[in-house]
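Below: the structure, in C-alpha cells.
Residue numbers (this note's numbering): 11 to 354.
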C-alpha cells in the first residue's frame, strides 16, 4: 500500500432540519393548539484513531466529506430524525489542523480516540415553542442551522520511542532487520528505504514495555532544498524520545586517519544543519552516534581513541557506539543502553 502522510480535505456537517407550523386537528377539536415538531440535528463529521489504519491514502483521492442533513419536523409533536454522523478512520498519530485559522484541532495519539471536526447544524423549532397567553395559535417556526464547513489538513506523525536517521545506505534497515521482526528492503545502494516504517524491538522479557523504532529514508546535504527525498519525512521523528544517528564508517575507509575524522565530522554537521532547518526541536533531542559496518573498517585498533575524539568534537552527543548490523557486533550493548534510556 502506498504510504501517504499528508492530505487536505473539506468536511461539512449536515444542515439541521426545519421546524414546522402545525395544529392539532381532531373531530371534536377543530381549533386545537400548536403541535409542530422540531427539526432534527444535522450529522456530525467525526474522526477516530484506528491502529489498523497506517496511511492517509484514501484522503488523497476523496477530498470532500459531507454528513447527511437532519429531517424536518412534523405535526403531532413529531421531531425530525437526526442526520447520521459520518466516521473518518485515521492512523494513530494524525494531527488535524484548521487551514483557515492554522489552529491544531486535535492530535490523535491513541486507538479509538474520537473528535468531532465538523458539527451538524441544530434543528429548527416547531411552532409549539411559540405558544403564549397572547398567542394561542402561533404560526412561527424556525429553520434549521447550517452545518459547520472546514478545510482541514491531515498530517501523520508516527508515534515511536526511537528515531533512526542518517545518510542513505548507512545501514539503518539492516539494523532494523537485526533487532526486530520487521523486514525492510535491504540493498547495497542509496535510498533503499523510500517510506517511513515502524518496527518493535525484540525483547526476551515478555513483561517489558514495547519499544517502537521509526526508520525514515536517508537524508543528504541540501535535503532542505529538495535534494534526495527532501525533509518531508522528518516529521515522523518529532515524537521520539531518542535519535540514533547512523554513519557508514566504511564509506571513508580509503582515507588516512586525519581525513577520515574530518569527513565524519562534516557528515554529522551536514545532517545537523538539515535537522535544524526543518525544526529546531529535532536538533535539541537526545542523539547518539552509531558507527555502522564495523566489519569492513580498517582502524579497529583505534576505536577507543576515536570514541573519545568524536565525543569531544561532536558535543552535545553523549554516547557513541561502533556496530556491525550485518554481523551483529555491538548490537547487544546498544540494545541494552536503549532499554535503560527508555525505562529512565
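Think of the CB as a built atom: it goes at the ideal place given N, C-alpha and C, for glycine as much as any other residue. No experiment lies behind these values; they were computed from the predicted model shown.
Would you mind reading off the limits of the alpha helix (DSSP H) that contains residue 342?
-> Taking the first residue of the chain shown as position 1, residue 342 is located at position 332. From DSSP, the alpha helix (DSSP H) with residue 342 extends over 341-353.
For residue 269, the three-state DSSP class (helix, strand or coil) = Indexing the chain shown from 1 puts residue 269 at position 259. Correct three-state label for residue 269: helix.
Taking Cβ to Cβ, would you say residue 224 is nearer than 7 Å to residue 168?
-> Position 214 of the chain shown holds residue 224. Position 158 of the chain shown holds residue 168. Between residue 224 and residue 168, the gap from beta carbon to beta carbon is short of 7 Å.
Beta-carbon contacts of residue 92 that lie in its chain and below 6 Å, excluding the five residues immediately before and after = For the purposes of this step, residue 92 is identified with residue 82 of the chain shown, where counting begins at 1. Only 50, 51 and 80 meet the Cβ criterion.
Is residue 73 helix, strand or coil when you go by DSSP?
-> For this step, residue 73 is matched to residue 63 along the chain shown. Of the three classes helix, strand and coil, the one that applies to residue 73 here is coil, per DSSP.
Helix, strand or coil: how does DSSP classify residue 158 here?
-> Sequence index remark: in the chain shown, residue 158 carries index 148 (1-based). Three-state result, residue 158: coil.
Name the two residues that bound the continuous alpha helix (DSSP H) containing residue 187.
-> As a first step, residue 187 is located in the chain shown; it is residue number 177 there, counting from the start. Where residue 187 is concerned, the enclosing alpha helix (DSSP H) stretches over 182-189.
Find out if the Cβ-Cβ distance for the pair residue 271, residue 301 is shorter than 7 Å.
-> By one-based count along the chain shown, residue 271 stands at place 261. By one-based count along the chain shown, residue 301 stands at place 291. Cβ distance not < 7 Å, so residue 271 and residue 301 don't count as in contact.
List the whole-angstrom C-beta distance separating residue 275 from residue 347, where the pair is believed to meet the contact cut-off of C-beta under 8 Å.
-> Sequence index remark: in the chain shown, residue 275 carries index 265 (1-based). Sequence index remark: in the chain shown, residue 347 carries index 337 (1-based). Going by Cβ atoms, the distance from residue 275 to residue 347 rounds to 23 Å, so no, they are not a contact pair.
State the DSSP-derived secondary structure class of residue 27, mapped to helix, strand or coil.
-> Translated into the one-based positions of the chain shown, residue 27 becomes position 17. Of the three classes helix, strand and coil, the one that applies to residue 27 here is coil, per DSSP.
Distance between residue 55 and residue 111 (C-alpha atoms, nearest Å) = What you label residue 111 is simply residue 101 of the chain shown in a count that begins at 1. What you label residue 55 is simply residue 45 of the chain shown in a count that begins at 1. In a straight line, the C-alpha of residue 111 is about 19 Å away from that of residue 55.
Under three-state DSSP, which class holds residue 57?
-> As a position in the chain shown, residue 57 is number 47, starting the count at 1. When secondary structure is reduced to three states using DSSP, residue 57 falls in the strand class.
Give me the Cβ distance between residue 320 and residue 333, rounded to the nearest whole Å; I'm assuming they're in contact under 8 Å.
-> Position 310 of the chain shown holds residue 320. Position 323 of the chain shown holds residue 333. About 14 Å separates the beta carbons of residue 320 and residue 333, which is beyond the 8 Å limit, so they are not a contact pair.
Would you call residue 328 buried or exposed, if buried means 16 or more other Cβ atoms sit within 10 Å of its Cβ?
-> One-based indexing of the chain shown puts residue 328 at position 318. Burial state of residue 328 is exposed, judged by a 10 Å Cβ sphere holding fewer than 16 other Cβ atoms.
For residue 332, which residues does DSSP report across the bridge?
-> The residue given as residue 332 occupies position 322 in the chain shown. Looking at the DSSP output, residue 332 shares a beta bridge with 301.
Excluding sequence positions up to five away, which residues of its chain have a Cβ less than 8 Å from the Cβ of residue 191?
-> Within the chain shown, the letter at position 181 stands for residue 191. Sequence-distant partners of residue 191 (beyond 5 residues in either direction) whose C-beta falls short of 8 Å from its own C-beta, in its chain, are 209, 210 and 212.
Expressed to the nearest angstrom, what Euclidean distance is found between the alpha-carbon atoms of residue 65 and residue 87?
-> Along the chain shown, one-based indexing puts residue 65 at 55. Along the chain shown, one-based indexing puts residue 87 at 77. Rounded to the nearest angstrom, the two C-alpha atoms are 47 Å apart.
Going by beta carbon distance, what residues of the same chain come within less than 6 Å of residue 295, once the five residues before and after it are set aside?
-> Taking the first residue of the chain shown as position 1, residue 295 is located at position 285. Short of 6 Å from the beta carbon of residue 295, and not among the five residues preceding or following it, lie these beta carbons of its own chain, in chain order: 253.
Find out if the Cβ-Cβ distance for the pair residue 77, residue 133 is shorter than 7 Å.
-> Residue mapping note: residue 77 aligns to position 67 of the chain shown, counting from 1. Residue mapping note: residue 133 aligns to position 123 of the chain shown, counting from 1. Their beta carbons are not under 7 Å apart, which means residue 77 does not touch residue 133 by this criterion.
From this set, 185, 261, 313 and 283, which residue's C-alpha is nearest residue 336's C-alpha?
-> Mapped onto the chain shown, residue 336 falls at position 326. The option with the nearest alpha carbon to residue 336 is 185.
What residue range is occupied by the uninterrupted alpha helix (DSSP H) comprising residue 316?
-> Residue mapping note: residue 316 aligns to position 306 of the chain shown, counting from 1. Element bounds for residue 316: 313-323.
Drop a sphere of 10 angstroms on the beta-carbon of residue 147, count the other beta-carbons inside from all chains shown, and report buried for 16 or more, exposed for fewer.
-> Taking the chain shown and counting its residues from 1, one reaches residue 147 at position 137. It counts as exposed.
Could you give the distance in angstroms between the alpha-carbon of residue 298 and the alpha-carbon of residue 251?
-> The count along the chain shown starts at 1 and reaches residue 298 at position 288. The count along the chain shown starts at 1 and reaches residue 251 at position 241. Between residue 298 and residue 251, the C-alpha separation is close to 12 Å.
Per DSSP, what kind of secondary structure is residue 114 in: helix, strand or coil?
-> If you number the chain shown from 1, residue 114 lands on position 104. Three-state DSSP puts residue 114 in a strand.
Leaving out five residues before and five after residue 150 in sequence, what residues of the same chain have Cβ atoms less than 8 Å from its Cβ?
-> Taking the first residue of the chain shown as position 1, residue 150 is located at position 140. Within its own chain, the residues whose Cβ lies closer than 8 Å to the Cβ of residue 150, once the five positions on either side in sequence are excluded, are 31, 137 and 140, listed in chain order.
Where residue 109 and residue 158 are concerned, what is the direct C-alpha to C-alpha distance, given to the nearest angstrom?
-> Against the chain shown, residue 109 aligns to sequence position 99. Against the chain shown, residue 158 aligns to sequence position 148. Approximately 14 Å, taken between the alpha carbons.
Reducing DSSP to helix, strand and coil, say where residue 246 ends up.
-> In the chain shown, counting from the first residue as 1, residue 246 sits at position 236. Helix at residue 246.
Whole angstroms is fine: what's the gap from residue 306's alpha carbon to residue 260's?
-> Translated into the one-based positions of the chain shown, residue 306 becomes position 296. Translated into the one-based positions of the chain shown, residue 260 becomes position 250. Using only the alpha carbons, I get a separation of about 6 Å.
May I have the straight-line CA-CA distance separating residue 163 from residue 318, to the nearest angstrom?
-> To locate residue 163, count along the chain shown from 1; it is residue 153. To locate residue 318, count along the chain shown from 1; it is residue 308. If you draw a straight line from the Cα of residue 163 to the Cα of residue 318, it comes to about 46 Å.
Please report how far the alpha carbon of residue 102 lies from the alpha carbon of residue 94, in whole angstroms.
-> As a working note, residue 102 is residue 92 in the chain shown. As a working note, residue 94 is residue 84 in the chain shown. Straight-line measurement puts the Cα of residue 94 at about 24 Å from the Cα of residue 102.
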